[in-house]
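Written out below as structure tokens is the structure these notes cover.
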Amino acid sequence: MVDPVLALVSTVRHDGRGGVADDLGDLDRCRRWLADPAVTEPGRLALVGLRQAVRSLFAVVVAPEPPSAADADRLPAVAEAVRLVNSAVLPERVSLAWADEPVVRREALGGNGIELVLDGFARAAITFLASPARLELRACRGPRCVKYYVRAHPRQGWCSPACGNRARVSRHYHRHVD
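In terms of the working numbering, the sequence shown opens at residue 12 and continues consecutively.
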């Protein structure tokens with residue numbers, strides 16, 4: 012299962028033709044990605060803003076390695092990114108339920124459809140960034156790839172085997188052409 016925050020930042024991806032595709036680039040693509048036809052343009056813009064904030068924080072986490080090249084020059088400053096993530100979190104009510112054993116229930120207070128979506132992604136980002144998994148976060152080194160991934164083993168340098176193959180082919184090509 013893909014972590015929701017990694018899914019969100021991966022909406023910026025290589026388009027297969029040397030460019031960058033944005034799954035949230037317009038309202039129709041955003042609605043398809045969220046599988047929610049009720050999303051409005053302000054909601055899409057808020058989601059894009061949250062994604063950019065998280066990508067900014069990911070760029071800090073992977074430093075001193077270079078961040079994803081897709082948008083590194085357009086990311087908000089760290090303080091603004093933290094503010095954007097925190098502002099997307101809705102207040103919640105925590106309660107205790109007891110059937111066979113105690114269960115903690117959390118309920119978001121207020122919020123409509125897109126606000127609940129933003130809240131979910133913001134909470135996922137906070138949880139991820141505060142977890143030990145963030146230490147394994149990397150920007151893919153594959154040619155033209157712009158994704159972030161969580162390293163599964165110490166020698167992993169790419170987000171997928173396909174990116175690793177492209178990197179090896181590119182390296183072989185440059186060794187024999189130069």
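Here a beta-carbon is modelled for each residue, glycine too, at the ideal position from N, C-alpha and C.
| Asked | Found |
| --- | --- |
| Please specify which runs of the alpha helix (DSSP H), each continuous and at least 4 residues long, are wholly inside the segment 48 to 99, giving them in chain order. | 52 to 73, 89 to 99 |
| Tell whether a beta-carbon distance below 8 angstroms holds between residue 22 and residue 14. | no |
| For residue 33, write down the residues that DSSP places opposite it in a beta bridge. | 23 |
| Based on Cα-Cα distance, which residue from 29, 106, 172, 24 lies nearest to residue 62? | 24 |
| Name the one or two DSSP bridge partners that residue 44 has. | In the DSSP output, where bridge partners are listed per residue, residue 44 has none listed. |
| Identify the continuous alpha helix (DSSP H) that holds residue 110 and give its terminal residues. | It is not in any alpha helix (DSSP H) - residue 110 carries neither H nor E in the DSSP assignment. |
| Between which residues of its own chain and residue 148 is the CB-CB distance below 7 angstroms, once the five residues before and five after are set aside? | 69, 72, 73, 159, 161 |
| Does the segment 37 to 57 come within contact of the segment 115 to 122, defined as at least 3 CB pairs closer than 8 angstroms? | no |
| Residue 132 and residue 16 - do their beta-carbons sit closer together than 8 angstroms? | yes |
| Report buried or exposed for residue 106, applying the criterion of at least 16 other Cβ atoms within 10 angstroms of its Cβ. | exposed |
| Does the distance from the C-beta atom of residue 169 to that of residue 152 stay below 8 angstroms? | yes |
| Grouping DSSP H, G and I as helix and E and B as strand, with all else coil, what is residue 141? | coil |
| How long is the line joining the alpha carbons of residue 93 and residue 142, rounded to whole angstroms? | 16 angstroms |
| Tell me residue 118's beta-bridge partners as DSSP assigns them. | 104 |
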